[in-house]
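S.K.: Starting off with a structure, shown below.
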Amino acid sequence: MTKLQDETNKILEVLLEIGKITKDDVEKVMHLHKETHEKIDRILLNLGIISEEDLRDALGKLFKLNIWQKKKGERLPIINCLPKSFLHSNKVLPLKQKDGYIDIELIDPYDESLLEVIESTTKNRVNVFIGCEKDIITSINETYDNIADEDKTTYKTGLEVADDIEKLKDLALDAPVIRLVNNILNKALEIGASDIHIEMFENQPILRYRMDGVLRDYPPPAIDLYFATINRIKIMSNLNIAEKRLPQDGRIRLKVGGKEIDLRVSVIPMLYGEGIVIRILDKSNVTLDLFKLGFEDDVLVNLKKLVRKPEGMILVTGPTGSGKTTTLYAALKEIISPSTKIITVEDPVEYSLEGVNQIQVNSKIGLNFASGLRSILRHDPDVILVGEIRDKDTASISIQSSLTGHLVLSTLHTNDSAAAFNRLLDMEMEDYLISTCVIAVLAQRLVRKLCSCKKRYDLSKDIKIKMGLTGNDKLYKPHGCDECSQTGYKGRVAISELLVVNDRIRKMIISHEPSRVIQQEAVKNGMKILWQDGIKKVAAGVTSLNELERVTDIE
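In our numbering, the protein residues as written are 363 to 917.
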């Protein structure tokens, strides 16, 4: 076998060299590796081709590491700088700590990020010894079993994390990476961010918070702490810190000031290191009330009538982050009652609604929107909420459901309300079915609200009229103060257009009229387009002209 550069083939070379495997074993293992993507050493152990001792000896030879074996009756010192849960989950055994160095035994010398976490947490340089998994676990249990479980005190690192953000601040005060992560989370909650972005570009970490829909830069972690920071977050969200090649998703739950906050964690491999996005879901900050979302009175009146219809389909459209799901939840709250059976299928279930049966999509086990919908129909619902219509199957079942006595609420990604019909036609839905089942389409965007520190300015009368304003309308622009973190904006409000399908529009759908023509017909019937709704909020001083131009188009 020729000597290859990657570590996988190197370990096979060493095992061949010391006579622990044959060439036939190599072919069998590589075939399984291509099918399952499982690590080579795990396949070898699971098949019983080699023992843990064989793997330990081969890794020691390959990485030129000393092998540590516990002598009979030997007692290891108790080293408290790492929690027992961390030792167990990462198969790490501390052997000795002295003069700024810590000796550790582990089973995976490939994992450099694990060593970074240990060094940054213990403030010690690491000397690595190689061992067997069973010996490490046995020694951890023998050495630390009589010690109070840190998992129950200061080192909570699973799905449930700490009881309070203040406790998070106090976790392992001597570990700079843990304090750093706690500060990042605390800052996000303090400023009301919806997302945290931590990324590595060439030699430069980046930290950004999304506030009111816009990303803002903040001081990033030092480059020497970046990878330890990523791993700390992965540990907190119960992810595999050794996996750096595949995307992972996890969750952290915090309890802050008596209220629960969910953090949805997404990790993806990038060119210069893994990137993390943390979505902050704070139920107490979400307004599930149609009257408080910013809709105009005529839209509210129509929406309240539409969600009480016994059947049909109502669609909410707009780009990601435009508040579609919040609007649907608020609509459901209008009709929740003991006499109405409501079931949702979502990806993910962002907020729990009392009185509503909610299903979480899980593609790993084959539970997608389409299969979830099929199951829902057997549970005799009155109202169905589908998180998003993404494909032909979901669209087809949703339409059939609306035609068989159910009210179906869902979302689509289109630029305006009229484009929803062409989007369904693109999914190969029959025009007569679309025209029959879709009763209304609500398009919406979120615009940032001006802070009270806003400043008055003016434009020429001609420009105002061109924009849809009157010559006497007052205009305001952002200024910036401590209250709004110097952005000039605080909070967001919806702008919308509600297209209610009538007989004329049904005929236009069947005739495959362009969306612009359908929009013009809806405007004749009294619909205000997104820009018109937004310009009313500009004239009222709620938002700025620049902000309206950012999220929609004057055309």
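Just so you know, even glycine gets a beta-carbon here, dropped at the ideal spot from N, CA and C.
None of these values were measured; they are calculated from a predicted model.
Quick one: measure Cβ to Cβ for residue 465 and residue 810, integer angstroms, because I've assumed they're closer than 8 Å.
M.R.: Residue 465 to residue 810, Cβ: 55 Å. No contact.
S.K.: Who does residue 456 pair with in a DSSP beta bridge?
M.R.: 466
S.K.: Just verifying my parser: in three-state terms, what is the DSSP assignment at residue 831?
M.R.: coil
S.K.: So, is residue 519 buried or exposed, given that buried needs 16 or more other C-beta atoms within 10 angstroms?
M.R.: With a pLDDT of 34 at residue 519, under the threshold of 50, the predicted position of this residue should be treated as unreliable, though the coordinate-derived value follows. Flag for residue 519 reads buried.
S.K.: Counting along the chain, where does the beta strand (DSSP E) carrying residue 579 start and finish?
M.R.: 576–580
S.K.: Pair every Cβ in the region 422–433 with every Cβ in the region 486–496, then say whether three or more of these pairs are closer than 8 Å.
M.R.: yes
S.K.: Taking Cβ to Cβ, would you say residue 505 is nearer than 9 Å to residue 437?
M.R.: yes
S.K.: For a test of the three-state rule: what should DSSP assign to residue 699, helix, strand or coil?
M.R.: coil
S.K.: Just list the residues that DSSP pairs residue 913 with in beta bridges.
M.R.: Answer by DSSP bridge pairing: none, since residue 913 is not bridged.
S.K.: Measuring alpha carbon to alpha carbon, tell me which of 379, 593 and 416 ends up nearest residue 481.
M.R.: 593
S.K.: I think residue 757 touches residue 679, with their Cβ atoms under 8 Å apart; what is that distance to the nearest whole Å?
M.R.: Contact flag wrong, Cβ pair sits at about 14 Å.
S.K.: Would you call the region 736–750 in contact with the region 686–701, where contact means no fewer than 3 C-beta pairs closer than 8 Å?
M.R.: At 8 Å Cβ cutoff, the stretches touch.
S.K.: Let me make sure I understand the geometry here. Which of 401, 394 and 417 has the alpha-carbon closest to that of residue 376?
M.R.: 417
S.K.: Would you kindly work out how many angstroms separate the C-alpha atoms of residue 907 and residue 625, rounded to a whole number?
M.R.: 33 Å
S.K.: Do you know offhand how far residue 863's Cα is from residue 676's?
M.R.: 10 Å
S.K.: So is residue 878 buried or exposed if we call it buried at 16+ other beta carbons inside 10 Å?
M.R.: exposed
S.K.: To which residues does DSSP link residue 809 through a beta bridge?
M.R.: 855
S.K.: Would you list the one or two residues that DSSP bridges to residue 802?
M.R.: 676 and 862
S.K.: Pick out the complete beta strand (DSSP E) segments inside the region 718–802, 3 residues or longer, and give them in chain order.
M.R.: 719–722, 745–748 and 769–774
S.K.: So residue 898 is in the alpha helix (DSSP H); what residue range does that whole segment cover?
M.R.: 892–901
S.K.: Only counting the same chain, and skipping five residues up and downstream in sequence, which positions put a Cβ closer than 6 Å to that of residue 708?
M.R.: 749
S.K.: Got a sec, what are the start and stop residues for the beta strand (DSSP E) residue 569 sits in?
M.R.: 566–573
S.K.: Would residue 557 and residue 630 be called neighbours here (beta carbons separated by less than 9 Å)?
M.R.: no
S.K.: Count the other CB atoms, across all protein chains shown, that sit within 10 Å of the CB of residue 455; report buried if there are 16 or more and exposed otherwise.
M.R.: buried
S.K.: By a C-beta neighbour count over all protein chains shown, 10 Å radius and 16 as the cutoff for buried, is residue 632 buried or exposed?
M.R.: exposed
S.K.: Residue 552 to residue 567, Cα distance in whole Å?
M.R.: 22 Å
S.K.: Looking at the unbroken alpha helix (DSSP H) that takes in residue 423, where does it start and where does it end?
M.R.: 414–425
S.K.: Around the Cβ of residue 820, are there at least 16 other Cβ atoms within 10 angstroms (buried) or fewer (exposed)?
M.R.: exposed
S.K.: Taking residue 423 as the reference, give the member of 373, 789 and 590 with the closest Cα.
M.R.: The shortest Cα separation from residue 423 among 373, 789 and 590 belongs to 373.
S.K.: State the beta-bridge partners of residue 637 as determined by DSSP.
M.R.: 630
S.K.: Drop a sphere of 10 angstroms on the beta-carbon of residue 844, count the other beta-carbons inside from all chains shown, and report buried for 16 or more, exposed for fewer.
M.R.: exposed
S.K.: Roughly how many angstroms separate the alpha carbons of residue 342 and residue 636, rounded to a whole number?
M.R.: Nothing about residue 342 can be reported from this structure: the residues present for the chain run from 363 to 917 only.
S.K.: Per DSSP, what are the beta-bridge partners of residue 404 in this structure?
M.R.: In the DSSP output, where bridge partners are listed per residue, residue 404 has none listed.
S.K.: Rounded to whole angstroms, what is the Cα-Cα separation between residue 698 and residue 719?
M.R.: 11 Å
S.K.: Measuring alpha carbon to alpha carbon, tell me which residue in 739, 886, 777 and 900 is nearest residue 945.
M.R.: An answer regarding residue 945 cannot be provided, because it is not within the stretch 363 to 917 covered by the chain.
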